[in-house]
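Residue numbers (numbering that gives the first Met the number 0): 0 to 86.
Yeah, the Cβ is synthetic: ideal placement off N, Cα and C, and Gly gets one too.
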Amino acid sequence: MPDPTKKGRPMRIWIDQSECQNSGLCEEEAPQLFGIGNDFFAYVRRDGQLLDQPGGEDSQAEVPEHLAELAEFCAKACPASCIHLIG
Ligand code: SF4
Numbered sequence: 000m001p002d003p004t005k006k007g008r009p010m011r012i013w014i015d016q017s018e019c020q021n022s023g024l025c026e027e028e029a030p031q032l033f034g035i036g037n038d039f040f041a042y043v044r045r046d047g048q049l050l051d052q053p054g055g056e057d058s059q060a061e062v063p064e065h066l067a068e069l070a071e072f073c074a075k076a077c078p079a080s081c082i083h084l085i086g
């Protein structure tokens, strides 16, 4: 049964760069959601823009509904388990 508290709230995603192992897997699988910054750590994208300032609310991006399954797949596949989903 779906969680009624989640209704209407888009999933959000963020990466803990302090744990990222620079595998590049997330960007390879979902370049619409992830990218590698100049510091070689992975960051999420918001409207195509790389949010390359680590930490805090500003580094979270909403996941479009049609990419939610892909985001979940990437979070599970991340070798460092540092891709976090909210909602
Ligand atoms: S899959 Fe995980 S460890 Fe690899 S680059 Fe992405 S966030 Fe970093």
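Asked                                                                                                                                                        : Found
Note down the Cα distance separating N21 from P53, rounded to an integer number of angstroms.                                                                : 14 Å
Looking at the structure shown, is A74 part of a helix, part of a strand, or coil, going by DSSP?                                                            : helix
Applying the criterion that 16 or more other CB atoms from any shown protein chain within 10 Å of the CB defines a buried residue, is I85 buried or exposed? : exposed
Round the Cβ separation of I35 and E26 to the nearest angstrom and send it over; I've been treating them as touching at under 8 Å.                           : 6 Å
Taking 7 Å as the cut-off, is the beta-carbon of L24 closer than that to any non-hydrogen atom of the ligand SF4?                                            : yes
C19 and C81: beta carbons closer than 8 Å?                                                                                                                   : yes
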